[in-house]
Structure formats: C-alpha cells, structure tokens
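> Below is the structure I would like to discuss, written out as structure tokens.
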Ligand SMILES: Cc1cc2nc3c(=O)[nH]c(=O)nc-3n(C[C@H](O)[C@H](O)[C@H](O)COP(=O)(O)O)c2cc1C
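In this note's numbering, the protein residues as written are 9 to 185.
See the structure below:
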C-alpha cells in the first residue's frame, strides 16, 4: 500500500472477527515497530503478545466497559512497555533535556504507530488502549520491574469500517514562521 494511503486509511478498529492472527504476522508487526526511530537508537519499547482467549476474557475485568467490549472481540492484545531510564537520559542516568523521561514515551508512541500502520498495510485492524488497571495488566503480561507498561494494542481482522473522527483544520496545527 502506498505510504500516505496507509496513513490515511488507518482507523481505530473496535470490533474484530474471531479469526486468529498467525505468529509470523505478529513477528512482522513487531519487526516493523522496531524500525521506528528512537532516542540515540536506544530501542527501549517492548511488545508482549497475548492470544489466549480465556486470559483475554479474564483480563476484561481490569478494563472500563468500553475497552472490555473491544478486547472481548480481539483475538490478539499486545502490551507495549518501555525499559525505563534510558530514552531521554545520559548513560549516568541524568536527564539529557528538560523533557526528561518524556522521550521514553515519545519512542513508544512512534513504535506503536509504526506497528499500527504495518498492521493496516497487512489488512489487520488495531486500536491503542490507554485506559486500564496498570497493576493487573502488568501482572497478566509479566512486565519486568525494569519496564513501564505504556499501552495496549488490540488487534484483529476488522468486523467494522469506522469513519475517521474529525480532525482539526490544518491552520490550527501548522504554523509557519
Ligand atoms: C495514547 C492513546 C490512548 C488511547 N486510548 C483509547 C482507549 O482507551 N479506548 C479507545 O477506544 N480508544 C483509545 N484510543 C484511540 C483514539 O480514541 C483514536 O485514535 C482517536 O479517536 C482517533 O481515531 P482514529 O485512530 O480512528 O484516527 C487511544 C489512542 C491513543 C493514541
């Protein structure tokens, strides 16, 4: 798919068919995410894939109802976590800029968007989920102490064709000096 078309047609998909996503496709998505730019090439984002229907159903209790409905139909949930204290920091642990650890999350966002675009190119729908019980989800996904759980990405073959939510006019977001 042409790059701009892939960017334009990516939507947050919230209803999925129950067709499973093959392991090699999950690897392709993680490999694409791994190609995103990162702070000093630090590559601190980590992806943990979960396709077990029973566990997916159980963890819905740790989500608000609107996100539980999404995960309830998703055949794959990917936890995006990040190694702490590296992206945005010097080797001795001091923050390099006034934004400090913000770059850790910046890198996770770039990697996650890259994963979502790769998924769109392969015909797989995704939605990023930011609202969930962090302690419960950390335990389910076995996130190590050295990482922060940042987001979840529900993935699956689409059972919905959502419209694009409106975007601000370009004049609101683009300035020329
Ligand atoms: C950091 C982040 C967190 C989000 N959390 C949720 C969420 O918890 N539940 C949900 O349904 N959508 C969530 N979304 C999806 C947004 O609602 C969606 O991207 C936005 O409405 C624009 O729609 P689009 O992705 O189709 O362009 C999240 C998106 C981002 C980037």
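Yeah, the Cβ is synthetic: ideal placement off N, Cα and C, and Gly gets one too.
For clarity, every value in this text was computed on a predicted model and none was experimentally measured.
#1: Distance, Cα to Cα, residue 127 vs residue 133?
#2: Can you tell me whether residue 95 is buried or exposed? The criterion is at least 16 other CB atoms within 10 Å of its CB, across all chains shown.
#3: Roughly how many whole angstroms lie between the Cα atoms of residue 170 and residue 88?
#4: Kindly give me the distance between the Cβ atoms of residue 84 and residue 29, rounded to whole angstroms, as I take these residues to be in contact under 8 angstroms.
#5: Taking one C-beta from the stretch 55-71 and one from the stretch 134-149 each time, how about it: are there three or more such pairs within less than 8 angstroms?
#6: Hey, residue 90 and residue 46: beta-carbon distance below 7 angstroms or not?
#7: Please tell me whether, using a cut-off of 6 angstroms, the distance from the CB of residue 75 to the nearest non-hydrogen atom of ligand 1 is below it.
#8: What is the C-beta distance between residue 163 and residue 18, in whole angstroms, given that I count them as a contact (C-beta under 8 angstroms)?
#9: Taking 7 angstroms as the cut-off, decide whether the C-beta atoms of residue 14 and residue 180 are in contact.
#10: Please classify residue 75 as buried or exposed, where buried requires at least 16 other C-beta atoms within 10 Å of its C-beta.
#11: Closest by CA to residue 22, which one among 62, 145 and 79?
#12: By the 10 Å Cβ neighbour count, where 16 or more other Cβ atoms means buried, how is residue 49 classified, buried or exposed?
#13: Ordered along the chain, which non-local residues of its own chain (more than five positions away) have a Cβ less than 6 angstroms from that of residue 109?
#14: For the alpha helix (DSSP H) containing residue 114, name the first residue and the last one.
#15: What are the start and end residues of each continuous alpha helix (DSSP H) run of 4 or more residues lying completely inside the stretch 22-47, in chain order?
#16: How about residue 45: is its Cβ closer than 6 angstroms to a heavy atom in ligand 1?
Per the coordinate set shown:
#1: Cα-Cα distance, rounded: 6 angstroms.
#2: buried
#3: 24 angstroms
#4: 5 angstroms
#5: Touching, yes.
#6: no
#7: yes
#8: Residue 163 to residue 18, Cβ: 12 angstroms. No contact.
#9: No, these two residues do not count as a Cβ contact at 7 angstroms.
#10: Classified as buried, residue 75 has 16 or more neighbouring CB atoms from the shown chains inside 10 Å of its CB.
#11: 79
#12: Around the beta carbon of residue 49, fewer than 16 other beta carbons sit within 10 angstroms, so the residue counts as exposed.
#13: 96
#14: 110-129
#15: 31-41
#16: No, the Cβ of residue 45 stays beyond 6 angstroms of every heavy atom of ligand 1.
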